[in-house]
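The sequence shown begins at 20 in the working numbering and counts up by one.
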Amino acid sequence: MARLHIDAVSKTYGTEFAVREVSLDIADGEFLVLLGPSGCGKSTLLRMIAGLEQPSAGRIRLDGTDITDSAPQSRNLAMVFQSYALYPHLTVAENIGFPLRARRQPRARIAARVTEVARTLELSALLGRRPAALSGGQRQRVALARAMVRDPGAFLMDEPLSNLDAKLRSATRAELVALHRRLGATFLYVTHDQVEAMTMATRIALLDAGRVQQVGTPEELYDRPRTAFVAGFLGAPPMNLFPAVVSSRDGGLRVLSEGVDLALDITADSGEDTAVLAGIRPEHLRPDRTAGAVRGLVRMVENLGSEELVHLDCGSNTLCARLPRPAGLRVGDTAAFGVDPDHLHLFHPESGLRLTWREQSTPLRRIS
Ligand SMILES: Nc1ncnc2c1ncn2[C@@H]1O[C@H](COP(=O)(O)OP(=O)(O)O)[C@@H](O)[C@H]1O
Ligand SMILES: [Mg+2]
């Protein structure tokens with residue numbers, strides 16, 4: 020059992036905040052991914068939970084017990100690093116058994132436990148080898164096995180897949196999800212890779228500049244990003260974000276920008292024009308000659324095999340559409356697209372906070 024409660028934790032180096040008042044509740048058995056760009060404070064947060072760094076402020080609780088000041092080895096947590104940190108002169112079996120030997124466990128118990136964990140991670144045939152004789156994926160599994168051997172309540176992992184090639188990374192993602200399901204343990208996993216987060220997480224906590232931007236399921240973050248930062252971070256190619264104006268015309272609201280004239284499916288009393296940051300995902304631009312809510316000049320077409328990315332110039336906005344191949348568009352063509360209002364995102368132009376226009380008496384309101 021491992022329930023983690025992170026309460027207003029900050030870490031400063033000099034006058035700089037690496038982590039800023041982060042509060043997070045991680046339920047027992049969750050696969051929580053800490054996601055964010057390089058330097059946003061993910062590793063620092065994980066290291067504070069592991070006890071390798073001391074927070075400047077805030078408390079950390081494990082199953083209700085305050086562990087903020089307790090030693091790393093007394094926390095029922097295991098850490099897996101990007102570098103694996105295996106001992107080169109020890110065999111796989113000795114590496115896996117190391118945490119138990121350091122705790123002076125009886126030899127027979129260590130041997131039994133190493134055999135058991137090696138079987139779980141399909142390392143049984145490799146127990147006599149040294150790390151130099153293993154592939155990257157095998158080393159990564161040994162590092163995991165060494166973390167598992169103590170049967171910790173939670174696994175803390177810092178970019179454990181980033182040294183693997185693309186094919187192995189994708190296979191290992193699936194293995195980690197299966198392992199999580201089998202162990203039922205709490206996983207706290209750090210990555211800057213949105214694909215890892217989207218495919219493995221039960222919930223994602225997206226960080227930017229030391230702060231939590233949004234916490235939720237992958238679907239929640241992708242479908243209803245709380246800020247423009249979240250909207251732009253998740254998705255490849257990223258969401259099209261462009262400045263626009265919401266204006267009331269003929270009893271309805273329209274979103275207007277260069278090359279964009281999109282009717283919102285509500286009626287509203289006339290109010291003043293509102294400046295917004297509008298967002299449309301590339302897959303939500305659908306070819307539509309009649310509606311033509313978005314019109315632009317095709318600047319480039321990228322062939323992805325099954326799909327095409329069509330890059331459009333709409334005045335000073337550049338938008339990208341993701342279409343089934345062949346889309347039948349060529350450089351220099353004028354292209355027109357429709358957008359379902361359900362797939363339109365609006366954000367406050369300064370704060371970046373999501374705006375809503377449905378079920379509101381006032382046309383646009385900030386969601387807190
Ligand atoms: N020991 C340290 N001394 C000074 N600054 C640090 C130290 N560790 C991390 N930082 C700074 O804190 C910020 C967050 O770093 P880190 O947690 O490693 O980010 P991430 O893991 O998300 O890439 C960065 O700006 C980094 O330069
Ligand atoms: Mg890091």
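Just so you know, even glycine gets a beta-carbon here, dropped at the ideal spot from N, CA and C.
- Every unbroken stretch of the beta strand (DSSP E) spanning 3 or more residues and falling wholly within the region 319 to 348 is given here in chain order: 326 to 333, 336 to 343.
- Using a 10 angstroms sphere on the CB of residue 178, the tally of other CB atoms reaches 16 or more, which defines it as buried.
- Taken atom to atom, the span from the alpha-carbon of residue 66 to that of residue 32 is near 14 Å.
- CA-to-CA, the gap between residue 78 and residue 72 works out to about 13 Å.
- By the Cβ criterion, the region 252 to 262 is in contact with the region 213 to 232, since at least three pairs of Cβ atoms, one from each stretch, lie closer than 8 Å.
- Here residue 208 is buried: its Cβ has 16 or more other Cβ atoms, across all protein chains shown, within 10 Å.
- The alpha carbon of residue 203 has as its nearest neighbour, out of 181, 228, 174, 230, the alpha carbon of 174.
- Distance between residue 113 and residue 130, taken at the CA atoms: about 9 Å.
- In the DSSP secondary-structure assignment, residue 30 is bridged to 38.
- Each of 212, 164, 161, 339 was checked against the Cα of residue 322, and the nearest Cα belongs to 339.
- Bounds of the alpha helix (DSSP H) holding residue 252 are 247 to 252.
- In the three-state reduction of the DSSP assignment, residue 208 falls in the strand class.
- Shown here for residue 232: same chain residues with a beta carbon closer than 6 Å to its own, the five before and five after excluded, namely 225, 246, 248, 249 in chain order.
- With a cutoff of 7 Å, residue 61 counts as near ligand 2, since its C-beta is closer than that to a heavy atom of the ligand.
- With distances taken between CA atoms, residue 75 lies nearest to 28 out of 111, 28, 126.
- Relative to ligand 2, the beta carbon of residue 41 is positioned no closer than 7 Å to any heavy atom.
- According to DSSP, residue 280 shares a beta bridge with 275.
- Take residue 84, set aside five residues on each side of it, and no residue of its chain has a beta-carbon closer than 7 Å to its own.
- Distance check between residue 241 and each of 363, 368, 25, 70 places 363 closest, using alpha-carbon atoms only.
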